[in-house]
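First up is the structure itself, then whatever we jot down about it.
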Amino acid sequence: MKHLLNKSSICFFVLCGLFLLIILSTNLNLQRLFANSFENNTALNDTHSSYAFTLDLFAELVEDRIRGIIDILEFTSKDKTFSTISYLSNITDAYHGIASNLETDKRQVLDYILKINPDIASIYFVLPNGDIYLGEPYRHQEQLPRLNFADREWYVGVTTLNETYVSSIFLSASINAPAFAIAVPVSTNSDVESPTLNSGEVPFGYLVGIVNLKLVHDLVSNVTSNNIGDFFVIDKNGTQLFNSSDTGITDNLKKFHYIEGISYNTTQLVNANHTVISELNNTLLLSKPIAFKNGHLIAILVTENK
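Here this note's numbering = 1-based position in the sequence shown + 3.
Shown next, in the form of structure tokens:
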């Protein structure tokens with residue numbers, strides 16, 4: 004089926020192209036940054052400072068990636084492609100939404116976002132009542148356990164705030180792996196300069212990105228060496244998104260092994276704006292809060308206490 008692109012859609016694809024250029028630039032320079040940061044800073048003869056600087060780089064990478072995902076989902080939520088719903092009567096429990104051959108224009112947009120941003124595992128267009136309308140990749144929609152997800156933290160958060168909400172880490176039914184959700188209200192107002200709904204405006208639905216930061220995990224796993232240590236991303240509950248030493252994305256939730264060794268409790272830590280260094284026997288723990296719109300995570304470096 005041939006689709007005509009409106010002006011809003013053309014702007015969307017131009018923006019996506021810019022995001023892709025940023026991603027490629029990040030990938031090309033990341034190895035040099037990590038490889039040089041630790042070596043250059045050890046010249047300061049301050050091992051703690053060296054590790055802290057390296058953790059800062061990692062935390063900034065994670066923060067930048069998440070902010071980029073928020074930006075592109077908020078931009079997409081204003082695209083006219085998502086201002087209509089044509090197949091409400093075709094929603095079924097069998098498909099956990101609508102069939103793959105319906106709303107191909109919406110699916111095309113979501114599929115393109117996934118291709119340029121591998122840190123997003125799935126994206127769903129969710130109705131105001133929490134029912135799934137459609138999702139990409141379709142195989143993720145197809146294998147969902149149910150149609151309605153109004154009991155999820157991300158749904159409660161985005162409907163309460165009526166603006167972008169980032170959830171805690173959970174075991175995603177979409178990908179059967181740890182992830183967090185970024186939920187954005189979809190508005191019929193096409194003002195791309197305003198990512199939040201107007202006062203009293205009822206959302207048309209929600210765009211929900213299921214984020215596992217796979218690209219970040221793969222990049223950091225490939226460019227860091229054993230003499231630096233292991234990098235983790237956790238939430239305020241101590242739930243672990245990934246460990247850089249893992250060979251791939253795990254299929255179960257884990258609590259951060261050294262959570263009791265962090266000097267601050269995690270609630271205090273996410274409200275801090277600096278790196279916290281803790282010593283536990285022969286292990287050095289460095290923790291850095293990662294703050295972004297209506298959400299926060301914690302970046303951690305675990306290394307040998309030399």
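C-beta atoms are modelled at their ideal positions from N, C-alpha and C, and glycine is treated no differently.
C-alpha of T167 to C-alpha of Y158: approximately 10 Å in a straight line. Taken through DSSP and simplified to helix, strand or coil, Q111 comes out as helix.
Across the set N308, L222, N240, A184, the C-alpha of A184 shows the shortest separation from the C-alpha of I73. In the same chain as E66, and ignoring 5 residues on each side of it, the C-beta atoms closer than 8 Å to its own belong to I293, A294, F295, in chain order. Scanning its chain for C-beta atoms nearer than 6 Å, with the 5 sequence neighbours on each side dropped, one finds around S248 the residues D233, in chain order.
Annotation for V305: the continuous beta strand (DSSP E) segment containing it runs 298-307. For D254, the closest C-alpha among the options Y141, S290, I94, A176 is that of A176. Annotation: the continuous alpha helix (DSSP H) that includes G160 extends over 156-164. One thing to note: Y136 has its Cβ no nearer than 8 Å to the Cβ of I178. When secondary structure is reduced to three states using DSSP, Y98 falls in the coil class, being assigned neither helix nor strand.
P181 sits away from V161, with the two beta carbons spaced by 8 Å or more. Taking C-beta atoms as the reference points, L244 and Y261 fail to come closer than 8 Å. Taking 8 Å as the cut-off, the beta carbon of L216 is found no closer than this to the beta carbon of I126.
Residue pairing from DSSP places S125 in a beta bridge opposite I213.
Boundaries of the alpha helix (DSSP H) harbouring Q144: 141-145, taken from the DSSP string. Rounded to whole angstroms, the separation of the alpha carbons of Y54 and A124 is 30 Å.
D96 and S224 have their alpha carbons spaced roughly 39 Å apart. The alpha-carbon separation between P140 and E63 amounts to approximately 28 Å. Apart from the 5 residues on each side of it in sequence, V112 sits with its Cβ closer than 6 Å to the Cβ of T84 in its chain, given in chain order. Exposure of L91 is indicated by the presence of fewer than 16 other C-beta atoms within 10 angstroms of its C-beta. For I101, the closest of F128, Y115, T79, I75 by C-alpha to C-alpha distance is F128.
At a Cβ-Cβ threshold of 8 Å, A153 and G133 count as neighbours. K258 is classed as exposed because its beta carbon has fewer than 16 other beta carbons within 10 Å across all chains shown.
In this structure, I280 places its C-beta atom within 8 Å of the C-beta atom of H51.
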